[in-house]
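Structure first, then comments.
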Amino acid sequence: MALQHLLGIQELSAEEILTLLDTARSFREILDRPIKKVPALRGITICNAFYESSTRTRLSFELAEKRLSADSVNFAVSGSSVSKGESLRDTIRNIEAMKVDIVVIRHWASGAAAYLARHLVARVINAGDGQHEHPTQALLDFYTIRERKGRIAGLKVAIVGDILHSRVARSNIWGLTRLGAEVCLVAPRTLLPEGIERMGVRVETDLASGLRDADVIYLLRLQLERQKGGFLPSLREYAMAYGLDRERARLAAADALIMHPGPMNRGVEIQQDVADGPQSVILEQVANGVAVRMAVLYLVSGGSPPEPVGMTPVIPAAHPAGR
Ligand code: CP
Numbered sequence: 081m082a083l084q085h086l087l088g089i090q091e092l093s094a095e096e097i098l099t100l101l102d103t104a105r106s107f108r109e110i111l112d113r114p115i116k117k118v119p120a121l122r123g124i125t126i127c128n129a130f131y132e133s134s135t136r137t138r139l140s141f142e143l144a145e146k147r148l149s150a151d152s153v154n155f156a157v158s159g160s161s162v163s164k165g166e167s168l169r170d171t172i173r174n175i176e177a178m179k180v181d182i183v184v185i186r187h188w189a190s191g192a193a194a195y196l197a198r199h200l201v202a203r204v205i206n207a208g209d210g211q212h213e214h215p216t217q218a219l220l221d222f223y224t225i226r227e228r229k230g231r232i233a234g235l236k237v238a239i240v241g242d243i244l245h246s247r248v249a250r251s252n253i254w255g256l257t258r259l260g261a262e263v264c265l266v267a268p269r270t271l272l273p274e275g276i277e278r279m280g281v282r283v284e285t286d287l288a289s290g291l292r293d294a295d296v297i298y299l300l301r302l303q304l305e306r307q308k309g310g311f312l313p314s315l316r317e318y319a320m321a322y323g324l325d326r327e328r329a330r331l332a333a334a335d336a337l338i339m340h341p342g343p344m345n346r347g348v349e350i351q352q353d354v355a356d357g358p359q360s361v362i363l364e365q366v367a368n369g370v371a372v373r374m375a376v377l378y379l380v381s382g383g384s385p386p387e388p389v390g391m392t393p394v395i396p397a398a399h400p401a402g403r
């Protein structure tokens, strides 16, 4: 499978998504060993460029790179020359000039990763761009569902919350529908993008109707920083209408998975006992994120699936990412 960049789930076929998940499974096994390191990306240099805050994505990319023996550097906007007015393109091209092979980019602007991919020789991985896509989050979500349920096709997945602002929702919708799941979006009308049904999903504004018989309840973070726009009367009312508590969770299948990309607003979209309860796989999602990001880095740098374990060198000399 040739994966030049990872810009979004939209451009991946079902087969490509499954190959990524199969590759991640091999890496997951490595992470359970006492020595969690392989030489697969030795000699490869990666820059993690984060223009927005992150805990899970940034740290799991950093860990994935260490586990693969890559050299990595981190770029954060604060303390950089961005404050002197340097553009995204100039900043990243300067970083690339220092012989960086792969750029992992998180940016507040939708399309930032695709824009960089057009201007760099380096490979680009989208770690979340504006309201557009967050492909590695969606891949770790698919991985977690598949490991727990044994399949994705035919499952009923309810995605609940701030769909309007959510790149996580968009990536999940592209992938889950392509893999054959039935996706139901549940949100107040003000948090649903116009015409979202055209993505092949069902839409409900009533939480109980959306949760009924779901195999997976995927809660989205209510993006509090964007709520000044009058999308909701108040957080309290949102929690009353859409917050997941134990009683509401019972409307779904008895073995439904409860998922959240983090960070959670406890007491708003999810109650404490549900977040920490037996059906929650939220920390499992985080753990799987490292293996999934190892798989993405491995395949983007020219590795061949599905045999990453043992790890032959992956970057041929002529490969654009193999300087
Ligand atoms: N899920 C997610 O992207 O979390 P971070 O913002 O902490 O990376």
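Going by this note's numbering, the sequence shown opens with residue 81, and the numbers climb by one from there. Note that the Cβ used here is the ideal one computed from N, Cα and C, for glycine as well.
Secondary structure of residue i, DSSP reduced to three states
i      : result
Ile395 : Residue placement at Ile395 cannot be trusted, given a pLDDT of 37 that sits under 50; what the coordinates show is reported in the next sentence. Coil, per DSSP.
Thr257 : helix
Met339 : strand
Asn174 : helix
Gly402 : Low confidence applies here, because Gly402 scores a pLDDT of 43, under 50, leaving its location unreliable; read the following figure in that light. It is coil, neither helix nor strand.
Gly191 : coil
Leu272 : coil
Arg198 : helix
Arg282 : strand
Leu315 : helix
Leu304 : helix
Glu277 : helix
Glu227 : helix
Asn293 : The question names Asn, yet the displayed sequence has Asp at residue 293. Looking at Asp293 - three-state DSSP - the assignment turns out to be coil, as it is neither helix nor strand.
Leu244 : coil
Leu87  : coil
Asn252 : helix
Local Cβ density within 10 Å of residue i, reported as buried at 16 or more and exposed below that
i      : result
Asp295 : buried
Ala334 : exposed
Asn174 : exposed
Asp221 : buried
Ser314 : exposed
Ile115 : exposed
Pro396 : Bear in mind that a pLDDT of 35 at Pro396, under 50, signals an unreliable position, so the model cannot answer this.
Ser133 : exposed
Gly255 : buried
Glu176 : buried
Ala267 : buried
Leu83  : buried
Thr224 : buried
Met178 : exposed
Ser381 : buried
Thr137 : buried
Gly390 : With a pLDDT of only 46 at Gly390, under the threshold of 50, the placement of this residue in the model should not be trusted, and no figure is reported.
Thr392 : Confidence at Thr392 is low in this model, with a pLDDT of 44, below 50, so the placement of that residue is unreliable and no value is reported for it.
Leu86  : buried
7 Å Cβ cutoff met for residue i and residue j
i      : j      : result
Thr125 : Val180 : yes
Val348 : Ala329 : no
Lys338 : Gln359 : The sequence shown places Ile at residue 338, rather than the Lys named in the question. Taking 7 Å as the Cβ cut-off, Ile338 and Gln359 qualify as a contacting pair.
Leu300 : Gly208 : no
Glu407 : Val283 : Lying before the first or after the last residue shown, residue 407 is absent from the chain, which here runs from 81 to 403.
Val184 : Ala193 : no
Ser152 : Arg122 : no
Glu213 : Ser251 : yes
Ala156 : Phe130 : yes
Beta-ladder partner(s) of residue i, from DSSP
i      : result
Val204 : Val183
Tyr298 : Ile239, Met339
Asp324 : As written in the sequence, residue 324 is Leu, which differs from the Asp given in the question. Looking at the DSSP assignment, Leu324 forms a beta bridge with Ile350.
Ser360 : Ile338
Ser265 : Correcting the residue identity first, residue 265 is Leu in this sequence and not Ser. Leu265 pairs with Ile239, Val283.
Asp209 : His187, Glu213
Task: Length-filtered (4 minimum) alpha helix (DSSP H) runs lying within the stretch 92-162 - done: 94-111, 136-147
TODO: Can you list the residues near the ligand MN, meaning Cβ strictly closer than 7 Å to any non-hydrogen atom, in the order they appear in the chain?
DONE: Absence of the ligand MN from the depicted structure is noted, with the ligand CP being the only ligands included.
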